[in-house]
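Below: the structure, in structure tokens.
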Amino acid sequence: MKRRFIHIVLFISIVSATFGQATFYDRLADSALTLTNDKVIYDPSYFNITYPNGDVPAHKGVCTDVIIRAYRKFGVDLQKLIHEDMVANFSIYPNKWGLTQTDKNIDHRRVPNQMKFFERFGTVKKITNNP
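With positions in the sequence shown counted from 1, the corresponding number in the numbering used here is that position plus 5.
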């Protein structure tokens, strides 16, 4: 009886975790989709922004800003998370810009840096032509 109870609890935990993850990712995708309704002008300019929770002007941005803003709706500050990881692990992040130190104004807005961060801490989907 005790063993059966443990199996039931384990099964419910696994199912709950699976549905919880799907729900989070579904909500994240919905959040990103709603951001596409905002009028935003593509502007890859460098901006001095506050830290943490800094953002470029709401009517400006690039593709990575959609990701940053979607996560922020759930209380996740990618600016802070990426900056802190880059400070601790600078050498493993792409060195495409010849930088010798982190820059909390722009690092989280760069696609290669987001890719490295999600490779380390998130979920990465393979880039392919075969969906």
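Glycine included, C-beta positions come from ideal geometry on N, C-alpha and C. These numbers were taken from a predicted model, which means no experiment stands behind them.
So the candidates are the options; which of them puts its Cα closest to the Cα of residue i?
{"i": "residue 66", "options": "99, 41 and 49", "result": "49"}
{"i": "residue 126", "options": "86, 113 and 57", "result": "86"}
{"i": "residue 110", "options": "28, 37 and 53", "result": "53"}
{"i": "residue 141", "options": "117, 61 and 122", "result": "This structure does not reach residue 141, given that the chain is present from 6 up to 136, and the question cannot be answered."}
{"i": "residue 78", "options": "114, 40 and 123", "result": "40"}
{"i": "residue 51", "options": "117, 113 and 131", "result": "113"}
Starting from residue i, follow its DSSP beta bridges and name the residues at the other end.
{"i": "residue 46", "result": "65"}
With 16 as the cutoff for other CB atoms within 10 Å, does residue i come out buried or exposed?
{"i": "residue 72", "result": "buried"}
{"i": "residue 107", "result": "buried"}
{"i": "residue 57", "result": "exposed"}
{"i": "residue 81", "result": "exposed"}
{"i": "residue 74", "result": "buried"}
{"i": "residue 98", "result": "buried"}
Identify the continuous alpha helix (DSSP H) that holds residue i and give its terminal residues.
{"i": "residue 126", "result": "116 to 126"}
{"i": "residue 90", "result": "83 to 93"}
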